[in-house]
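In our numbering, the protein residues as written are 364 to 970.
For each residue, glycine too, the CB sits at the ideal point set by N, CA and C.
As structure tokens, this is what we get:
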């Protein structure tokens, strides 16, 4: 099967077909190019998605990823990132192995096609020229023959006419002979041109055109083969990344199989276990007795009067804020009228109605413990060094973590000391390399750092040993320094307070299980606050309305009264004020007009 034989007369159609083939090739290149763009876009979106859900550094999310379920999710994000990388590989390989190669091949194909059809048109023009020569020679031969016939007929007519002179007859004869001779010459020329044309035509249809068409056929077949190879490469490039994509998916499956609910549950215990003992039973309160009802020591709801007597701890006269207090409600809004008479019962106070014991017990059991040490009550107080503001179990973990960090730092310093020692030995053996005495200062500095770190580690190890019960309890002075108050039944930290900034008002309650614990707590707590200096005044305030401080930690004020401000509103709606040395407490911020001293530490300017 040959185009030169079968399609010898389809030059124009072959030209159109080959151009269509190039268009198909360019269309396929465009298709692959768009596919690569899609792969890149898909990979970019996958990477952005993976990055979006990655845990942020130095944030709470990083702590959450210690759970196996979160680790599996993080592994999924990482695998998806690798998965996106394989789509980028597909795009890159398709660009380099298909698009670039085919684009170059298309240019070569266009040049080759142009050359072949140029040769074909040249052959066509040559055969057309030969045909025109043949037609011209044929017409001249025909014309000469006709003129020779007319000359012969004229001679015969003149020869038969008796009236014509002999000279005219001879002239007619010579004219006829001349025409016959011209006709013979035209005949010979026509015959020669005809033979030449037949030869050229034979060469054209049996040699030139078949050769040209055969080259065009081969060119077209190479184009078809090249498209097939490109399609195969297209599939192979996809298949090449399938094993890696499979590994990514296997990694996700493996991460999913590594999820351990028991381990996650244990991590929750380790993260939130306080180490405290559950509260004891609530004693029966007999309301049938005619005498005044006495609330048990471990009751979850104490009356206001008894709460105040407990605060004094043995009759101390200095007024203090009870740290074991829980905020029951936000501060009351100011009265609708500036005059107290506008409100019959006066403004609403933070005092809360006495609730049933069952409700208070449920609230106690469901509330989230937020425990801080006594020293956090001080203005601007920081976290204690021994982490005594944390529950026992959390404190043990923090201390253990601190000990591990110190041990790593010690090991690092020791490695540095060993390196300096080796360098000094090298200098001693080879003085030309350096002065050994130049390293003495650095060596001494590293040794001092090691000693400091060891002392620090011993201090934290002692606290850790105390928490774990390996050492006896510390003295009262040590307990005051660290904020620890230990009893026989509760060796862990059980007497810390709520954060000052989150619970500044006076509506709090205390829970203790035994009377002896309350007494020990009272002594230590009173000693702690007796040692503290009173907070300095940072400004003054004027009472806009009368406020009756009926809850613990609040203070009553009268409209128009001027008092000292010792602590600003922390955003909870309460301001801490002082009337005199022994009377201080909280009032709703909306009940007073505050004038802060600009020179006071931490004071803010109010317009």
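Within this structure, are the beta carbons of residue 384 and residue 586 separated by less than 7 Å?
Cβ atoms of residue 384 and residue 586: closer than 7 Å.
With 16 other CB atoms within 10 Å as the buried threshold, where does residue 373 fall?
exposed
Burial state of residue 528 (16 or more Cβ within 10 Å):
exposed
Looking at the structure shown, is residue 905 part of a helix, part of a strand, or coil, going by DSSP?
Residue 905 falls in the strand class under three-state DSSP.
How many angstroms separate the CA atom of residue 371 from the CA atom of residue 389?
When rounded, the distance between both Cα atoms is 28 Å.
Excluding the five sequence neighbours on either side, which residues of its own chain have a C-beta within less than 8 Å of the C-beta of residue 766, listed in chain order?
820, 823, 824 and 827
Considering only the alpha carbon of each residue, which of 608, 953, 950 and 926 lies closest to residue 941?
926
By how many angstroms is the C-alpha of residue 914 removed from the C-alpha of residue 888?
Bear in mind that the predicted position of residue 888 carries a pLDDT of just 40, short of 50, making it unreliable; the figure below should be weighed with that in mind. Using only the alpha carbons, I get a separation of about 20 Å.
Let's see if you can read the secondary structure: which residues bound the alpha helix (DSSP H) around residue 606?
572 to 620
Just to confirm, are residue 482 and residue 590 a CB contact at a threshold of 7 Å?
no
Cβ-Cβ distance between residue 996 and residue 563 below 7 Å
There is simply no residue 996 to check, as the chain begins at 364 and stops at 970 in what is shown.
Determine, using beta carbons only, whether residue 971 and residue 776 come nearer to each other than 7 Å.
Residue 971 lies beyond the residue range present for the chain, which begins at 364 and ends at 970; the question has no answer from this structure.
Going by DSSP, what residues sit across from residue 959 in a beta bridge?
902
Counting along the chain, where does the alpha helix (DSSP H) carrying residue 395 start and finish?
374 to 415
In chain order, what residues of the same chain have a beta carbon less than 7 Å from the beta carbon of residue 630, not counting five sequence neighbours either side?
429 and 430
If you draw a straight line from the C-alpha of residue 569 to the C-alpha of residue 536, how long is it?
49 Å
DSSP three-state assignment for residue 784, whether helix, strand or coil
Correct three-state label for residue 784: helix.
Sorted by chain position, which residues of the same chain lie with C-beta nearer than 8 Å to residue 392's C-beta, five sequence neighbours on each side aside?
461, 462, 465, 466 and 469
Can you tell me whether residue 947 is buried or exposed? The criterion is at least 16 other CB atoms within 10 Å of its CB, across all chains shown.
buried
Pick out whichever of 582, 457 and 638 has its Cα sitting closest to the Cα of residue 602.
457
Given that a residue counts as buried once 16 or more other Cβ atoms are within 10 Å of its Cβ, and exposed if not, what is residue 958?
exposed
Own chain, CB closer than 8 Å to residue 378, minus 5 neighbours either side, in chain order
480
Can you find at least 3 beta carbon pairs, one from the stretch 433 to 446 and one from the stretch 410 to 422, that sit closer than 8 Å?
yes
Roughly how many whole angstroms lie between the Cα atoms of residue 533 and residue 488?
49 Å
Helix, strand or coil: how does DSSP classify residue 942 here?
coil
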